[in-house]
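Q: Just dropping this structure here.
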Amino acid sequence: MSNLYDAVIIGSGFGGSIPALRLAQNGKKVLVLEQGFRNTEKDFKQSWDPKYLVTMNQIIPSDDYAVFYRSGMTLGGGSVVFSGLMNRAPSKVFSFVDYNGYKVWPDAVNRQTLDPYYAMVEQTMAVRQATWDEVPKTGGTFARMMDNMGLTCDRANYPYINCRQCGFCEAGCIYGVKQSLMHNYIPQAEAAGVEFRTGCIAMEILPGTSGYGVRYMDPHSGESTVQGTVVILAAGAIGSAAILLRSKQYLTQLSPQVGQNFSNNGDLIIGFQLPDGWPSVEYYKGRTNAGVMTYAFWDEYGITIHTGTGPPAIFSGLNIHRPGEYAWGAGFKQWSREIYLSKLIMCVVIGLVTGEGYVYLSNDSPLVHFSPATRSFTDYVDRVVAVGNSIASANSAVLLQTRTSGYEYTANHMLGTVRIGDDPAMSPADPYGQIRGYRGLFVSDSGSIPGGTGVNLSLTTAANAERIADYINTHW
Ligand SMILES: Cc1cc2nc3c(=O)[nH]c(=O)nc-3n(C[C@H](O)[C@H](O)[C@H](O)COP(=O)(O)OP(=O)(O)OC[C@H]3O[C@@H](n4cnc5c(N)ncnc54)[C@H](O)[C@@H]3O)c2cc1C
Ligand code: SF4
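Heads up: the sequence shown runs through residues 228 to 703, numbered per our numbering.
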């Protein structure tokens, strides 16, 4: 087997499989190294057993162990374990200026320039708006709460065909309904000649005479090296930063910004307890992502809200309680049993915040330092709570807390660690994902996304990967 490729891509999620297909369609010899294994419908289980979930997920902690960042670790990456909400980022996202006065998105990337790439992804992955028949009761109830305030809430977009509403989207869809990358980009890439090597963990990148070497651990042959004229980092926001940080001794001109500007996309989890007399929401039924999204608070507060469904284990994973009360004891048990069955609405709020965390290596493994208590994040949480309280009071509901004190931030939407940008001093990669100082070395995953997307991240990551692939195809 020759170890020389036109392109070596690290990671097979949205940022990796998309360029793999596009470069192969352009006649390039492409290898994808993926640390996870090939899992298909016959391997998935309808189970929330952590022993099963770790076979397809990577968990990386924050250094204070307050947050555990979760990402897909399987061929197809996050697309296999995500809950499928794929909306385009609103236009305002691309003009976001952080609290340091820096406009995070490069001028070349905005809603207009991304629209053709969004359309390519939506077409390839069969993304479409849910019908009202497909919206679980919890989503419909949240839409009613918005309606009671005179506000709008509409159905979100998903890559689902004939969904059976079983609720195990994040455990892998056993019915093959969820159109993960395993249903489209990956088989098409394989048909176009791309080689996917699974179980292979990329460690370091070394500059060579005509490209780069990628040193990796192979499950069969141990430590190996492959050469790519072009190398594309697509190991996720934490994984790509970790590989670059490990390679610093060889890539001596790397920007000190690598690993910085980490953001969780401003995700916060809030909940509501509905008043007596409303029809049961049956929170435990339906697809994981409950089908609706409101932009009603976008213009004024810079946030969107969507709803979810979930198993009873949500009470052990989160600290859901009424303000001023505790999430333990016999009274709490009784209360959670009552509200879980019929009166619980859980929401994910996403909004624009400055990326203030960073990824660093400890004994060669990545850790995340994230500081939610900084001024900008605290202000953001205050805005979310103001909106949450307004929704609660208009509906005679109670805004529930999701942490011992405060609100849980979800740990699935990591971004920003190898961000693209116009200013070389502020961004490790140029607007087309090329690592500054290293021709032919690119980043195309969520790490390249320079700021919050206002909605879930994957569609923008995917569209940006299409854009970067287009650039590589026209310049190499
Ligand atoms: C439970 C869950 C639910 C989610 N729900 C949604 C949702 O509804 N909508 C949405 O938009 N987003 C959602 N997300 C987030 C979404 O999955 C990510 O934003 C997206 O997958 C990021 O794409 P990526 O290409 O950057 O990385 P990934 O998709 O994570 O792909 C990175 C790949 O690189 C591999 N890798 C990492 N390190 C190495 C290495 N050293 N060597 C080789 N391979 C490596 C990983 O195994 C992985 O397969 C969810 C995520 C999770 C975990
Ligand atoms: S709810 Fe739908 S998409 Fe999710 S696992 Fe079940 S059938 Fe698949």
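The beta-carbon is built from N, C-alpha and C at its ideal position, and this holds for glycine as well.
#1: Tell me, please, whether the region 484-500 touches the region 260-277 by the rule of three or more beta-carbon pairs shorter than 8 angstroms.
#2: Return the CA-CA distance between Ile-428 and Lys-560, expressed in angstroms with no decimal places.
#3: Sort Glu-527, Ile-618 and Pro-363 by Cα distance to Asn-516 and report the nearest one.
#4: Rounded to the nearest angstrom, what separates Thr-358 and Gly-449 at their Cα positions?
#5: Taking only runs that begin and end inside the region 242-304, name each unbroken beta strand (DSSP E) of 3 or more residues, in chain order.
#6: List the whole-angstrom C-beta distance separating Ala-624 from His-533, where the pair is believed to meet the contact cut-off of C-beta under 8 angstroms.
#7: Scan the region 529-576 and note each continuous beta strand (DSSP E) run of 3 residues or more that stays entirely inside, going in chain order.
#8: What is the rounded straight-line gap between the Cα of Ile-459 and the Cα of Gln-392?
#9: Thinking C-beta only, is Gly-633 closer than 7 angstroms to Val-580?
#10: Would you check if the distance between the CB atom of Ile-577 and the CB atom of Thr-531 is smaller than 7 angstroms?
#11: Can you give me the C-alpha to C-alpha distance between Ser-589 and Leu-471, rounded to a whole angstrom?
#12: With respect to the beta strand (DSSP E) encompassing Tyr-344, which residues constitute its N-terminal and C-terminal limits?
#13: Going along the chain, which residues of its own chain have a beta-carbon closer than 6 angstroms to the beta-carbon of Ser-563, five neighbours each way excluded?
#14: Taking the alpha helix (DSSP H) that Gly-513 belongs to, which residues open and close that run?
#15: Less than 8 angstroms between C-beta atoms, sequence neighbours within five positions excluded: which residues of the same chain meet that for Ser-617?
#16: Can you tell me which of Ile-237, Tyr-412, Asn-411 and Trp-703 puts its alpha carbon nearest to the alpha carbon of Ala-469?
#17: Alpha carbon to alpha carbon, how far is Ala-692 from Gln-704? Give it in angstroms, no decimals.
#18: My assumption, with CB atoms under 8 angstroms, is that Gln-454 sits in contact with Asn-230. Please give the rounded CB distance.
#19: Identify the continuous beta strand (DSSP E) that holds Tyr-432 and give its terminal residues.
#20: In terms of DSSP beta bridges, what is Ile-401 paired with?
#21: Just grab the DSSP bridge partners of Pro-183 for me.
A: For this structure:
#1: no
#2: 43 angstroms
#3: Pro-363
#4: 49 angstroms
#5: 257-261, 284-288 and 295-299
#6: Their Cβ separation, rounded to whole angstroms, is 17 angstroms, which puts Ala-624 and His-533 out of contact at 8 angstroms.
#7: 530-535
#8: 36 angstroms
#9: no
#10: yes
#11: 14 angstroms
#12: No beta strand (DSSP E) contains Tyr-344, which is instead part of the alpha helix (DSSP H) from 338-352.
#13: Phe-542
#14: That residue, Gly-513, is in no alpha helix (DSSP H); it is neither H nor E in DSSP.
#15: Met-376
#16: Ile-237
#17: The chain is shown from 228 up to 703; residue 704 falls before or after that span and cannot be answered.
#18: 6 angstroms
#19: The sequence given here places Ile at residue 432; Tyr does not occur at that position. 428-435 is the extent of the beta strand (DSSP E) around Ile-432.
#20: Note: Ile-401 sits in no beta bridge, so no partner.
#21: No information on residue 183 is available, as it lies outside the stretch 228 to 703 that the chain covers here.
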